[in-house]
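Chains as they are written, first to last, in our numbering: chain H, 1 to 339; chain U, 340 to 678.
For glycine and all other residues, C-beta sits at the position ideal for the given N, C-alpha and C.
One structure below.
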């Protein structure tokens, strides 16, 4: 059956997250043991979906630690062979397979340049894990569908654990227990995603918009939609969208907006009003509200988990509607060789 | 006449660059005087077109200095009020007007958190310049058209000067003299851009692809096209495009590729072959080659100047073809208030 693997892997997410949360405290203390004494900054190394998890990670880590977080530009290390100055830096490399040659090479180069390397991977024995001083194993089980789903959620959790290891995160330990249940509740309600997919229909394009902690999720939602449906979907922060790209939003143009309870909510509401003035077809992912609701009560950063599952559902349903097999979109492979 | 201002501002670019280059050495030594003694890293603060100049800056600064370069996430400082740890960091804020409230606020917050602040602006007396320890004045003259053109080129040059102040850049001082001439040569040949615009015609979407030093230029090209023509244009690095988004490229889909002479050329050629296999309509910006050629002989980072002017021409011609006034795209303003 078309899309069987992606659907099954999406459904595993509450269990994958619950398993990771069982070893949250030991993961956090394990990470703390390898941190540089005189930490100067953090750099994240990733591509594709993992890179969008890293954008999320960039926010939660800086919010918790106060340290600037950079996203590595791999070509500086692979193509241009820059001699880096990474003493006192923590380098966190993220790859589902742990075998993407570019990511392994960049982590090795940053370690040579003085960084302490950490691997986040779904493969305990991968080259990426071998290269690192410590690893966070996602333990999500094999992921066979081309679009990453359960490993993406697990990567978000890994970045939250890193944030906890590095400082005071913008959530309480007790908030975690709501997360697997919120994800399960969304998974139990696929009908609304099918309805929203019907509204997008054969539109050639779509925008996904978030802000702050949900910006990386908007990027990931757009990538999922591109990969599985060939739709021209682009992700934006609400602030960037206002700076020009909003020009593409004409009457009936579909825009997926992501809102949680917290400091970014007012800005998202204001943007949503602006989109409605332009007569966009707004599909809102919101706390107990909007076309694609998720359970209210989560702190803004942790709302990312149910929000991304709503986006996965939308991509999945739209692929089926467009008669595309989301497990194996044409011309894509699971591990992408890049230099 | 529609597009008169954008056209005039584009034509000023060789003079704007020549003027900046006349005071290159004094700008570089001025910057060196304010650098922190124990530099730990660099963070860039920008939105919109300036943010794409910052992506370019991120590459040239890290290539020259070896230090990690982060792009600031403004909401961490404006919405979430994170207490930053930026001692020993250089914070470079870029805003054409120097009056974007968000950018001014973020620079002030980073300075409070310990950073040394530098302003890059086209306004010598702006709030951004007042907040900073030193400023690089673009001196590009008033820019009235909504799409930034001459201030974008000037921002690229400013980032190059910063790279020179911070280390050994991947070009020679003598290479600069080719830059204004290369830009002028492109401006003297608008006909090919009009032809390429004709090929794009009424396509709903388009991708722009670069790698390494030209990645930020691909992002800027896509933004110019979105702003001026409402086309769904998205910018990618060649490496990211392979990781899934290539799924959107179907037969006859227009893709603008950017290639210069240097380490990234082979990767761009390989990607171009892949796009042609998918029967994309490839519009190449290349050194003495492709649909939109520019003069060969420039080092890869400095090729960004004529390449972005090719992209500006394409956006301008496509706007005219679509009967849109590129000076004042509907619903956009020059200074965007964001919080």
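Using a C-beta to C-beta distance shorter than 7 Å, which residues of chain U count as neighbours of residue 67 of chain H? 424
Residues within the stretch 29-52 of chain H neighbouring chain U, beta-carbon criterion of under 7 Å: 40, 41, 43, 47, 48
Under 9 Å by beta carbon: chain H residues contacting residue 603 of chain U: 75, 79, 80
Within the 8 Å Cβ cut-off, does residue 593 of chain U reach chain H? When Cβ-Cβ separations below 8 Å define contact, residue 593 of chain U makes no contact with chain H.
What are the start and end residues of each continuous beta strand (DSSP E) run of 3 or more residues lying completely inside the stretch 359-386 of chain U, in chain order? 380-384
Do you know how far the Cα of residue 439 of chain U is from the Cα of residue 175 of chain H? 36 Å
Is the CB of residue 227 of chain H under 8 Å away from at least one CB in chain U? yes
Touch test, the stretch 3-14 of chain H against the stretch 146-162 of chain H, Cβ-Cβ under 8 Å, three pairs minimum: yes
Determine the extent of the alpha helix (DSSP H) in which residue 657 of chain U is found, giving its start and end residues. Here the alpha helix (DSSP H) through residue 657 of chain U covers 643-660.
Could you give the first and the last residue of the continuous alpha helix (DSSP H) run that contains residue 74 of chain H? 74-78
Does residue 172 of chain H have its Cβ less than 8 Å from a Cβ in chain B? Included in the structure are the protein chains H and U, with no chain B among them.
With respect to the beta strand (DSSP E) encompassing residue 628 of chain U, which residues constitute its N-terminal and C-terminal limits? For residue 628 of chain U, there is no enclosing beta strand (DSSP E), as DSSP marks it with neither H nor E.
Just verifying my parser: in three-state terms, what is the DSSP assignment at residue 52 of chain H? helix
Taking the straight line between their C-alpha atoms, what separation do you get for residue 645 of chain U and residue 317 of chain H? 44 Å
Using only the alpha-carbon positions, how far apart do residue 291 of chain H and residue 590 of chain U sit? 34 Å
Under the three-state DSSP convention, the category residue 175 of chain H falls into: In the structure shown, residue 175 of chain H sits in a helix (DSSP, three-state: H, G or I).
Run through DSSP, which three-state label would residue 409 of chain U get? strand
Three-way DSSP call (helix, strand, coil) for residue 622 of chain U in this model: strand
What did DSSP end up calling residue 237 of chain H once you bin it into helix, strand or coil? strand
Within its chain, find whatever has a CB closer than 6 Å to the CB of residue 533 of chain U; leave out the 5 residues flanking it on each side and keep chain order. For residue 533 of chain U, same chain residues with a beta-carbon under 6 Å away, outside a window of 5 residues either side, are 656 in chain order.
Run through DSSP, which three-state label would residue 465 of chain U get? The answer is coil: DSSP assigns residue 465 of chain U none of H, G, I, E or B.
DSSP beta-bridge partners of residue 457 of chain U: U:431, U:473
Am I right that residue 199 of chain H and residue 254 of chain H are in contact with their C-beta atoms under 8 Å? What's the rounded C-beta distance? Contact holds; Cβ gap of about 7 Å.
Which stretch, first to last residue, makes up the alpha helix (DSSP H) that contains residue 495 of chain U? 489-505
Environment of residue 426 of chain U [buried if 16+ CB atoms lie within 10 Å]: Sixteen is the threshold: since fewer than 16 other Cβ atoms of the shown chains lie within 10 Å of the Cβ of residue 426 of chain U, the residue is exposed.
If we count Cβ pairs, one from each stretch, closer than 8 Å, do we get three or more for the stretch 353-361 of chain U versus the stretch 415-424 of chain U? no
Name, please, each residue of chain H whose Cβ falls closer than 7 Å to the Cβ of residue 569 of chain U. Within chain H, the residues whose beta carbon sits less than 7 Å from that of residue 569 of chain U are 247, 248, 250, listed in sequence order.
Beta-carbon proximity check, residue 363 of chain H vs residue 106 of chain H, cutoff 8 Å: Residue 363 of chain H is absent from the model: chain H starts at 1 and stops at 339.
Using 8 Å as the limit for Cβ to Cβ distance, is residue 58 of chain H near chain U? yes
With three or more beta-carbon pairs closer than 8 Å as the criterion, would you say the stretch 399-407 of chain U touches the stretch 452-463 of chain U? Flag = no, the stretch 399-407 of chain U and the stretch 452-463 of chain U do not touch.
Residues in the same chain with beta-carbon distance under 6 Å from residue 479 of chain U, minus the five sequence neighbours each way, listed in chain order, please. 355, 461, 489, 490, 493
Measure the alpha-carbon distance for residue 536 of chain U versus residue 543 of chain U and round it to whole angstroms. 13 Å
Do the stretch 622-636 of chain U and the stretch 567-583 of chain U make contact, defined as three or more Cβ pairs closer than 8 Å? no
Give the interface partners of residue 205 of chain H over in chain U, defined as CB-CB distance under 7 Å, in chain order. Residues of chain U with a Cβ closer than 7 Å to the Cβ of residue 205 of chain H are, in chain order, 543, 544, 571.
Range of the contiguous beta strand (DSSP E) that encloses residue 594 of chain U: 593-597
Examine chain U for any beta-carbon lying closer than 8 Å to the beta-carbon of residue 70 of chain H, and answer yes or no. yes
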